[in-house]
Structure formats: structure tokens, C-alpha cells
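A.B. asks: For the sequence shown, the working numbering begins at 17 and goes up steadily by one.
Note that beta-carbon positions come from the ideal geometry of N, C-alpha and C, so glycine has one too.
Supplied in C-alpha cells, the structure appears directly below.
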Amino acid sequence: MIINYDDKALTQRYQLMAQTIIPRPIAWIVTQDEKGSLNIAPFSYFMGLSSEPPTMMVSIGHKSDGSQKDTLKNLRQNKKCTICMIDESFLEKMHFSSKELDSSISEVEIFDIETIKVIDGFPPMVKDVPSAFFCELYQEIDLKGSKTIPMVIEIKSQFINDKIITDKEKITLQYEPVARIGKSYALLGKKITPPIIP
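Shown next, in the form of C-alpha cells:
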């Protein structure tokens, strides 16, 4: 089967891409508005981009009424965010936080998400997550015709939970991240050692 994307509606393209570009890591992003209210929301159109400069990219859509998502609005205003990486223990609250809420309502309060301030000048991180990146907005990409906005985020610092460090000298990490597969979530299965290239 060959599918011509020019013949498909936006929702059909999204469904096809979301089911085949998998597994996708989840960025649980914490931002803060000008009044100090926290917004926490998950995004799976997310990936590492470069180690020089240390950057990641996340694509952010809009609310159902066409207005800016709070994450996008806050990131544009304050240029800062904290991106939390999660394991299965955070899956439920992460999923709940995807619910569309009024901008005046914080997911922190509605879903009882505990946060902790770690680095001055950046939003707090969700307490006890395996890892978190403290980031600044590096570049907003104007992708003509796109309903989502690709945002390039520069990593300034990273928190690593001691529980996932297996070798402190080499900073070797081990944890089971949650990934997005279509409309479902998944944990990584067995690891496969790559074969030796002759």
C-alpha cells in the first residue's frame, strides 16, 4: 500500500504518523506564566536534536478552540521550561495532565502533582522523576502551513535522580521510560546487543 499524504486530511496524516513513528519519548513540560501559575503538559512529538549546542525539539499544537496552548504561550513569554522524563510510576498523573484546562487552572492543583524548585530562574520539576532538563527557548521554527509549532529548546542543566545512576564516574543511567505508541503508552522491552559489524 502506498499512501499519498497530499490526498489525506490532517487528522489522517497525524494518525498514520503517530502509529508508525514509534516509540516516541514523552516530554512532561513544566512552564510558568507571568503570575507564577504552573502549567504541566505532556508532548510526544519530541526528540533530541544536537549535543552542540545541546538542544531538543518539541512540536506544540493548539487548544481545541484554536488558541495557544499554555505551554506555548508561557514558553514564548518567559523563554524557560523544565522538561521531565518519566517512568511508569508517573504515567497516570502525566496522562491526566494532558486534559485541556482553562489557563487559570493549574494541573499541579487539579491532579495533585508535587513539584520541587531546583534551579533559580527555571520552573520547578516534578518531584522524584528519573531526570529533568532545565531549558531555554533557542528557536521557534516557522513551518509554513503547520498546525503545530516546532520549538528548539536548549538544555542548560540536567537533574539525574541518584536511583537511576549505575556508574557515577561514567554517569551511566538505567531506567524504564514511558513511550507513546499511537494512542497507547508503552515501556521498552528487552535490550538487544547489536551484532558485530564485519
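Assuming contact is defined by CB atoms lying nearer than 7 Å, are Y154 and T47 in contact in what I supplied?
C.D. replies: No, the Cβ-Cβ distance between Y154 and T47 is not below 7 Å.
A.B. asks: When you compare only the Cα positions, how much space is there between S114 and L65?
C.D. replies: Their backbone Cα atoms lie some 24 Å apart in a straight line.
A.B. asks: Using a Cβ-Cβ cutoff of less than 8 Å, which residues in the same chain neighbour I176 once the five nearest sequence positions on both sides are dropped?
C.D. replies: For I176, where only same-chain residues beyond five positions count, the Cβ hits under 8 Å are P146, S147, I187 and L189.
A.B. asks: Please state whether the Cβ-Cβ distance between I129 and K160 is less than 7 Å.
C.D. replies: No, Cβ-Cβ distance for I129 and K160 is not below 7 Å.
A.B. asks: By DSSP, does D22 sit in helix, in strand, or in coil?
C.D. replies: D22: helix per DSSP, three-state reduction.
A.B. asks: Using 7 Å as the threshold, is the C-beta distance between V168 and M73 below it?
C.D. replies: In this structure, M73 lies closer than 7 Å to V168 by Cβ.
A.B. asks: Under 7 Å between the Cβ atoms of R92 and S60?
C.D. replies: Contact: no.
A.B. asks: How many whole angstroms separate the CB atoms of I99 and C151, which I take to be in contact at a CB cut-off of 8 Å?
C.D. replies: So it is a contact: roughly 6 Å between Cβ atoms.
A.B. asks: If we call anything under 7 Å between Cβ atoms a contact, is A57 one with I45?
C.D. replies: The answer is yes: Cβ separation under 7 Å.
A.B. asks: Indicate the three-state DSSP secondary structure (helix, strand or coil) for K163 in the structure shown.
C.D. replies: Three-state DSSP puts K163 in coil, outside helix and strand.
A.B. asks: For S105, tell me which candidate among S173, E192 and K95 has the shortest Cα-Cα distance.
C.D. replies: For the residues S173, E192 and K95, the minimum Cα distance to S105 belongs to E192.
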